[in-house]
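Colleague:
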Amino acid sequence: MLELRHLKTLMALRETGSLVEAAEVLHLTQSALSHQIKDLEDRLNCTLFVRKTKPPRFTSAGRRLLALADLVAPEFKAAERDIARLTLGETGRLHICIECHSCFQWLVPCIEAYRLNWPEVELDLIGGFSFTPLPALARGDLDLVITSDPIDLPDIHYEPLFEYEAMLAVSNRHALSQKPFIDPLDLADQTLITYPVDRDRLDVFTQFLDPAGVDPASIRNAELTPMMVQLVASGRGVACLPNWALTEYLANELLTAKRLSENGLWGRLYAAVRREQLEDPFMQEFLSTAISTCFNHLAGIKRIEAL
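Using our numbering, the first residue of the sequence shown is number 417, and each one after it goes up by one.
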């Protein structure tokens, strides 16, 4: 009567907050998902959640099944992982390169969680700020690249992680903190604080300033996000950072974040892997761990479709 797919459906509905997004996560049509839920409710002779509420408000029966799902889903996943190890072996190499400075915030905890389940995988993490890592991935020098700039390369797959909004961080006392959103010309007389990478790898230039033909008054580099935040908070410049990287500082009222343009400046983050390795159990486990880590710990991100 009750199957694992039913529990996965309820978990997806709880995680995404809507039938439409849950259907996308489960690779079903919305009508198929609705039919599955209605069939389960008919079998159990109860309602699992209140319709037309967003996020869905689960009934007592729905909450009981979610509690069951939280107990058994990890056990199923562990069993699948153990069987994969028995079938294909535990070892492998996972040399990871990261093009996103802010991503260390979630990638390091992700790697630590991954190590607990796959201790035999050879793990290494490097920054891809002084070279172009995607060609190195294609050559086999790397095994996975975290990137926001996918390029068309043979035999490279881009696994979508999430979509995020880039925001302009300004001092609470800055004049721009009073604007509803930021225009490119607003930065013409500002010091823009960036990570020390080429400007053609920064969205604030390629998608915001360069199309408008605007340059900031000056550019200052900072290696780490906390350093950038301190400079911004003390009024020594402004910085463009992902919304999720600013959550902690906004909660502590250290600075103000403003949208870049009326509709916002949105970016996407991917994990690039070679197609030949995509189905390897240790690779699938890392991708699954990365995605779950992101959506469990980062605020303001959205799901994106695979390329």
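Even for Gly, the Cβ is constructed at its ideal location relative to N, Cα and C.
Please list, in chain order, all residues of the same chain as Ala477 whose beta carbon is under 8 Å from its beta carbon, the five residues on each side excluded.
Modeller: Closer than 8 Å at Cβ, skipping near neighbours: Leu460, Cys462, Thr463 and Leu464.
Colleague: If the criterion is Cβ atoms closer than 8 Å, does the pair Trp682 and Glu581 meet it?
Modeller: Yes, they are a contact pair.
Colleague: Mapping DSSP to helix, strand and coil, what is Pro535?
Modeller: If DSSP states are grouped into helix, strand and coil, Pro535 belongs with coil.
Colleague: Since Phe597 and Arg675 should fall inside the 8 Å C-beta cutoff, what is the C-beta to C-beta distance between them, to a whole number of angstroms?
Modeller: Phe597 to Arg675, Cβ: 4 Å. Contact.
Colleague: Measure the CB-CB distance between Ala687 and Ile562 and report whether it falls below 8 Å.
Modeller: In this structure, Ile562 lies closer than 8 Å to Ala687 by Cβ.
Colleague: Rounded C-beta distance between Leu429 and Leu435? I'm assuming under 8 Å.
Modeller: Sure, about 7 Å apart at Cβ, within 8 Å.
Colleague: Return the first residue and the last residue of the beta strand (DSSP E) that Cys656 is part of.
Modeller: Looking at the DSSP string, the run of the beta strand (DSSP E) that includes Cys656 is Val654 to Pro658.
Colleague: Is Leu560 closer than 8 Å to Leu510 when the C-beta atoms are compared?
Modeller: Contact flag set, yes.
Colleague: Count the CB pairs spanning the region 638-656 and the region 611-620 that are closer than 8 Å, and state whether there are at least three.
Modeller: In short, these stretches touch, since the Cβ pair count reaches three.
Colleague: Mapping DSSP to helix, strand and coil, what is Lys493?
Modeller: Lys493: helix per DSSP, three-state reduction.
Colleague: Classify Ala649: buried if its beta carbon has 16 or more other beta carbons within 10 angstroms, exposed otherwise.
Modeller: When all chains shown are included, Ala649 counts as buried.
Colleague: For Ile635, which of Asp568, Ile453, Glu664 and Val613 has the nearest alpha-carbon?
Modeller: Among Asp568, Ile453, Glu664 and Val613, the Cα nearest to that of Ile635 is on Val613.
Colleague: Could you check if Pro632 is buried or exposed, using at least 16 other CB atoms within 10 Å of its CB as the buried criterion?
Modeller: Buried: at least 16 other Cβ atoms inside 10 Å.
Colleague: Is the Cβ of Leu553 closer than 8 Å to any Cβ of chain B?
Modeller: Within the model displayed, chain B is absent; a lone protein chain is all it includes.
Colleague: Go to Ala673, then tell me how far its beta strand (DSSP E) extends in each direction, as first and last residue.
Modeller: Unbroken beta strand (DSSP E) run through Ala673: Thr672 to Leu676.
Colleague: Please return the same chain residues whose Cβ sits closer than 6 Å to the Cβ of Met417, not counting the five positions on each side in sequence.
Modeller: Cβ within range, chain order: Arg459.
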